[in-house]
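Residue numbers (the numbering used here): 14 to 467. Below you'll find the structure, written out as structure tokens, and then a few comments.
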């Protein structure tokens, strides 16, 4: 089985006259592959949030559902780190689609078989499995990015690729609502149709998994092309070292990742960024339903706007960090987190009935929060050699999901049940402040210089 995932070996180099045209074609092709593939992962990651209001009607409490929801974050955080170690030594063409198909199968089971949503324990197990397979999406994408795009262009390319999860997350909501409508029609019971929020997005994800397999390639050398540094004459070091040798797991972990203080700094920042990201996003349908009088269709529109607002926000954040701050990611992260803080406060204190203001706040939070999310992933790629890129990103993801998202899922449910929504928003506000301060610690750090010092 593991042989399927082995890195593709280098082959003889193509004739010189073919290299430029082939490189241009394949760079676009592999980028589309990881963009479509990663967007597809988000079609089946957060469906449970849209099903939660219906499950509450069936008698589950917010504490119980928050506990179940935390499973995907616990397993995803661990998996993103563990699978990254394997991914750095695997062929992304096989690795990324395999995880997507396995994740989609879990989602299908939750929609098709009532047993899999019959108790909190069973839902926790299923969401844990889904989260584990979801961890197979980011690391192979990172491997592709660092092998096909050189240091000086990686910021803008990573920013563009990073909006894939906004595209997928935004499309999930209308797909899920369509699935619910379809299956409600089939069952003749509008209350039973929520299973469709799992089924239709999963079917679409499986189709896209096969498409990504046909698009993605491993390294340029595996298709007869020179390393990207040689092709673009863009080296990360003055010695023109490209770190093309496959590193051992021990070297990746102990030489380049675990002893890197800046990787640890951004991993800590990720805890608070992710708490805000998912504390707002995962609880939006429930909060808007209970406190602001939104129905499922209106909540799905808000969910969609939150995700898609992140697209221009991410691109702007990446551009600012490259151009205005000259490759320093900390200042951009600091400014964007201050903006998130203001939007969260307005979202919190806006009285019920002003739905337009609620929508604007969610758009603003979505616009601003995904920039810092992208910057942390980009810094993880920049701070280590490219053969260790997935593992560095996996470590930041481990902190973000275990420390941030699990807290946003489980603790928010407990706090809101016990003390109301105001207590939950106090946690969100504090997290915005802490995230901004940690970004400020990296104010003068440039990733390329960190790589040079290793």
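Virtual Cβ for every residue (Gly too), placed ideally from N, Cα, C. All values reported here derive from a predicted model rather than from experimental measurement.
**Message:** I want to see whether chain C comes within less than 9 Å of residue 450, judged by CB atoms only; does it?
**Reply:** Note that chain C does not occur in the displayed structure, where there is just one protein chain.
**Prompt:** Start and end of the alpha helix (DSSP H) containing residue 59?
**Reply:** No alpha helix (DSSP H) contains residue 59, which DSSP labels as neither H nor E.
**Request:** Measure the C-alpha to C-alpha separation of residue 145 and residue 85 and round it to an integer number of angstroms.
**Result:** 7 Å
**Item:** Beta carbon of residue 383 nearer than 9 Å to that of residue 340
**Value:** no
**Message:** Quick test of your reading: residue 415 and residue 87, contact by CB under 8 Å. State the CB separation rounded to the nearest angstrom.
**Reply:** 6 Å
**Item:** Residue nearest to residue 425 in terms of C-alpha spacing, selected from 368, 20, 381, 81
**Value:** 81
**Item:** Cβ separation of residue 176 and residue 189, assumed to be a contact under 8 Å, to the nearest whole Å
**Value:** Contact flag wrong, Cβ pair sits at about 20 Å.
**Message:** Can you look up residue 30 in the DSSP assignment and give me helix, strand or coil?
**Reply:** helix
**Item:** Exposure of residue 446, with buried meaning 16 or more beta-carbon neighbours within 10 Å
**Value:** exposed
**Message:** On a Cα-Cα basis, can you pick out the residue from 116, 208, 126, 94 that is closest to residue 155?
**Reply:** 94
**Item:** Backbone CA spacing between residue 352 and residue 378 [nearest angstrom]
**Value:** 8 Å
**Prompt:** Which residue from 287, 440, 281, 162 puts its Cα closest to that of residue 40?
**Reply:** If we check each option's Cα against that of residue 40, 162 comes out closest.
**Prompt:** How about residue 357 and residue 438: are their beta carbons less than 9 Å apart?
**Reply:** Yes.
**Request:** Starting from the C-beta of residue 89, find all residues in its chain whose C-beta is less than 6 Å away, skip the five residues before and the five after it, and write them out in chain order.
**Result:** 144, 147, 148, 414
**Request:** Please state whether DSSP places residue 329 in a helix, a strand or coil.
**Result:** helix
**Asked** When the Cβ atoms of the segment 113-124 are set against those of the segment 232-247, are three or more pairs found closer than 8 Å?
**Response** no
**Message:** Going by beta-carbon coordinates alone, are residue 287 and residue 178 separated by less than 9 Å?
**Reply:** Their beta carbons are not under 9 Å apart, which means residue 287 does not touch residue 178 by this criterion.
**Prompt:** Helix, strand or coil: which one does DSSP assign to residue 73?
**Reply:** coil
**Message:** Let's see if you can read the secondary structure: which residues bound the alpha helix (DSSP H) around residue 24?
**Reply:** Looking at the DSSP string, residue 24 is not in any alpha helix (DSSP H), and its letter there is neither H nor E.
**Request:** Could you check what DSSP says for residue 98 in three-state terms: helix, strand or coil?
**Result:** helix
**Prompt:** Is residue 149 helix, strand or coil by DSSP?
**Reply:** DSSP places residue 149 in coil when its eight states are reduced to three.
**Asked** Does the beta-carbon of residue 292 have 16 or more other beta-carbons within 10 angstroms, so that it is buried, or is it exposed?
**Response** buried
**Message:** Suppose the cutoff is 6 Å on Cβ atoms and the five residues either side in sequence are ignored; what does the same chain contact list for residue 46 look like?
**Reply:** 225, 228, 229
**Message:** Measuring only the C-alpha atoms, how far is residue 303 from residue 428?
**Reply:** 15 Å
**Asked** Nearest to residue 113 by CA position, among 167, 220, 326, is which residue?
**Response** Nearest of 167, 220, 326 to residue 113, Cα basis: 220.
**Prompt:** Out of 76, 456, 280, which has the shortest C-alpha to C-alpha gap to residue 406?
**Reply:** When each option's Cα is compared against that of residue 406, the closest is 280.
**Message:** Is it buried or exposed, residue 134, if we count other Cβ atoms within 10 angstroms and call 16 or more buried?
**Reply:** exposed
**Message:** Please classify residue 43 as buried or exposed, where buried requires at least 16 other C-beta atoms within 10 Å of its C-beta.
**Reply:** Residue 43 comes out buried.
**Item:** Own chain, CB closer than 7 Å to residue 31, minus 5 neighbours either side, in chain order
**Value:** none
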